[in-house]
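In this note's numbering, the protein residues as written are 2 to 155.
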């Protein structure tokens, strides 16, 4: 069993950005005497973003767990190797970020989480590993691990 985690340095950028948004929201609220829906919604969103970003930064988040039976991506259910037709390394169109997309066999049936349902028709598919969110050496290691268990197309 091997576990891979998100790169904390990349999460730190998001944490700092969310604190900046929260600071601006609180500053804007303090300088205006009229409380309106926009200011309150920006405050709440900024606060939630800051809390969640710092939680993710302080507590390492597992990106993937590879076992002999399959792979668990984030907190999804186990994707079994026998249900994978092939895995392909792709790049996103906008920024050229690398990810591995798993193409499932026709008879494979999994309960999808809401984000997986949303992304299954996109380039990423319902099951994908974002290599851009990992350290480079971890990205190379996870590619090699996936190659051991299923057909890998580059």
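Beta carbons are placed, not taken as given, at the ideal position from N, Cα and C, and that holds for glycine.
Check: Using CA coordinates, which residue listed in 122, 101 and 155 is at the minimum distance from residue 72?; Outcome: 101
Check: Within 10 angstroms of its Cβ, does residue 56 collect 16 or more other Cβ (buried), or is it exposed?; Outcome: exposed
Check: How about residue 114: is its C-beta nearer than 9 Å to some C-beta of chain B?; Outcome: The chain inventory of the structure shown lacks chain B, comprising one protein chain alone.
Check: For the alpha helix (DSSP H) that residue 142 lies in, which residues bound it at each end?; Outcome: 137-150
Check: Can you name, in chain order, every residue of its own chain whose Cβ lies under 8 Å from the Cβ of residue 11, other than the five neighbours on each side?; Outcome: 134
Check: Compare the beta carbon distance of residue 130 and residue 64 with 9 Å and say whether it is the shorter of the two.; Outcome: yes
Check: Could you name the residues of the same chain whose beta carbon sits closer than 7 Å to that of residue 145, not counting the 5 residues immediately before and after it, in chain order?; Outcome: none
Check: Between which two residues does the beta strand (DSSP E) harbouring residue 91 extend?; Outcome: 85-92
Check: Which two residues bound the contiguous alpha helix (DSSP H) that contains residue 99?; Outcome: Note, residue 99: premise wrong, no alpha helix (DSSP H); beta strand (DSSP E) at 99-105.
Check: Can you check which of these residues, 76, 41, 106 and 54, is closest to residue 4 by C-alpha distance?; Outcome: 76
Check: Hey, how far is the Cα of residue 44 from the Cα of residue 154?; Outcome: 45 Å
Check: Would you tell me roughly how many angstroms separate the C-alpha atoms of residue 120 and residue 68, rounded to the nearest one?; Outcome: 25 Å
Check: Specify, as a first and last residue, the run of the beta strand (DSSP E) that residue 131 falls within.; Outcome: 129-131
Check: Per DSSP, which residues does residue 67 bridge with? Please list them.; Outcome: 3 and 72
Check: Assign residue 96 to one of two classes, buried (16 or more other C-beta atoms within 10 Å of its C-beta) or exposed (fewer than that).; Outcome: exposed
Check: Cutting at 6 Å between CB atoms, please list the residues of its own chain near residue 7, excluding the five before and the five after it.; Outcome: 62, 64 and 134
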